[in-house]
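Remarks on the structure that follows.
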Amino acid sequence: MTQTDYSNPGTYNFESVVTEFQSTSGRMVPVRITFPINCPHAPLIVFSHGYLGSEDGYRSLTKNWASYGFVVIQPRHADSLTGKSPEERRRAASFTDPTAFGDPRQRVDEVRECVDHAAGWARQYGFSADTARLVVAGHSYGGLTTELAAGAKPRRLQVQPERRALGYMVLSGQGIGRMFSEESFSSLTKPMLVVSGDNDTLGKIGVLPDQNPISRKDPFLLSPGGNKWLLWLKDAHHDLGGMNDTRYYKSGPHDEEMLGALKGTTTAFLLSLLKSDTAAQQAMRRGLNLPSQHQLISR
């Protein structure tokens, strides 16, 4: 039997709408919702963007997920460049203003509030969303947001996790360093996919510490075993082949093969976990027939 290539679009057509909600912080949070058409009880993904990003990025991923029958909600966090004045954009993009990063706890709260609002948005825009089948995901600062939502314990902050999620996808997240210690990941017991690669670093710029690509494996290596997955992309830079559809500092070149490996692996993980898709589960165990230079490891 030929194995499905999950990097190719699925069978569902999809639509995208933009709305907003008022967070408990008082801020109006713009949100993009991408949803499959005529897909009953579609599982839910809340995706948190990286620093300076927005709800308009990562379309190569979110469209693929929606085509396989997933609702994807993308909030715009306060650190986004979108809607900022020229001076605010200059300060934020310089990586030298600590206040531009905002509070990661607010990011986690906004992820949680997206889940709270999902049923109402489904009624308003005419789609189906099963909030009991939820994955939280994110890239870079959004990867850190996802780790906190999963229950990783930072050195100094007190964060309320998003326990309703059945699993998590951490793309270019954080390992041991300023935020996390070796013990921070011991409570991450639920299924998780971690993604990074050899050149996944921003370097030491502004207020950011050096982010060693090897440390990005820590959430995978230091959390309890059991349905934990690591996708290691050979030569991947911080944008993992171009998933964000925009250009950022040291984001690296566009690589269609690498991006295909990322799309296929994340989609198979979602199908395996949220839809109990046996074909996707078997494909994950066989390594998804990824190009030989990339590695999919489980523990």
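Counting in the numbering used here, the sequence shown runs from 1 upward without gaps.
Ideal Cβ placement from N, Cα and C applies to all residues, glycine included.
Classification of residue i by the beta-carbon crowding that lies within 10 angstroms, buried from 16 upward
i    : result
A283 : buried
T265 : buried
D109 : buried
L296 : buried
Q174 : buried
P291 : exposed
P43  : buried
P253 : exposed
D255 : buried
V18  : exposed
N289 : exposed
T4   : buried
Nearest-angstrom Cα separation, counted from residue j out to residue i
i    : j    : result
S16  : R32  : 7 angstroms
S298 : A66  : 25 angstroms
T11  : L81  : 34 angstroms
S25  : D56  : 22 angstroms
A165 : R107 : 16 angstroms
E20  : V29  : 5 angstroms
G83  : S215 : 33 angstroms
G197 : A268 : 19 angstroms
V72  : G226 : 26 angstroms
Q124 : I45  : 18 angstroms
N13  : P40  : 13 angstroms
M1   : F47  : No answer about M1 holds up, because its pLDDT of 48 lies below 50 and its placement is not dependable.
Q293 : S223 : 25 angstroms
L171 : T189 : 18 angstroms
A119 : S23  : 16 angstroms
S94  : L202 : 13 angstroms
P75  : V111 : 7 angstroms
E257 : L193 : 19 angstroms
H238 : T278 : 31 angstroms
A149 : R105 : 9 angstroms
K228 : P86  : 42 angstroms
L52  : M179 : 19 angstroms
Residue i: first and last residue of the uninterrupted alpha helix (DSSP H) it sits in
i    : result
S67  : R59 to S67
P104 : P104 to Y125
R285 : T278 to R285
F14  : That residue, F14, is in no alpha helix (DSSP H); its beta strand (DSSP E) goes F14 to Q22.
P219 : D218 to L222
G260 : E256 to L274
T145 : Y141 to A150
For residue i, the nearest candidate out of the options (CA to CA)
i    : options                  : result
V135 : G120, G126 and C114      : C114
D200 : G143, R286 and S48       : G143
G167 : S140, R133 and G197      : R133
P9   : K263, L240 and T189      : K263
N38  : F47, F70 and M192        : F70
S251 : K228, L61, L288 and G241 : G241
S60  : T34, L52 and D79         : T34
R27  : A279, K234 and H77       : H77
E162 : I176, Y141, A137 and D5  : A137
G260 : Y51, G50 and K63         : K63
T146 : V195, T96 and Y6         : V195
S187 : N244, P219 and Y58       : P219
D103 : D116, D79 and P86        : D79
Neighbour flag for residue i against chain D, beta carbons, 7 angstroms
i    : result
N244 : The structure shown contains no chain D, having only a single protein chain.
Range covered by the beta strand (DSSP E) that runs through residue i
i    : result
Q74  : V71 to P75
R91  : Run containing R91: none in the beta strand (DSSP E); it sits in the alpha helix (DSSP H), P86 to A93.
G167 : G167 to L171
(message) Could you check whether the segment 146-157 touches the segment 181-188, counting it as contact only if at least three pairs of C-beta atoms, one from each stretch, sit closer than 8 angstroms?
(response) With a cut-off of 8 angstroms, the segment 181-188 and the segment 146-157 count as touching, because enough Cβ pairs lie within range.
(request) Spell out a yes or no on whether the segment 117-132 and the segment 156-163 are touching, meaning 3 or more CB-CB pairs, one atom from each, closer than 8 angstroms. (result) In short, these stretches do not touch, since the Cβ pair count stays below three.
(message) With three or more beta-carbon pairs closer than 8 angstroms as the criterion, would you say the segment 266-276 touches the segment 76-94?
(response) In this structure the segment 266-276 does not lie against the segment 76-94, because fewer than three pairs of beta carbons, one per stretch, are closer than 8 angstroms.
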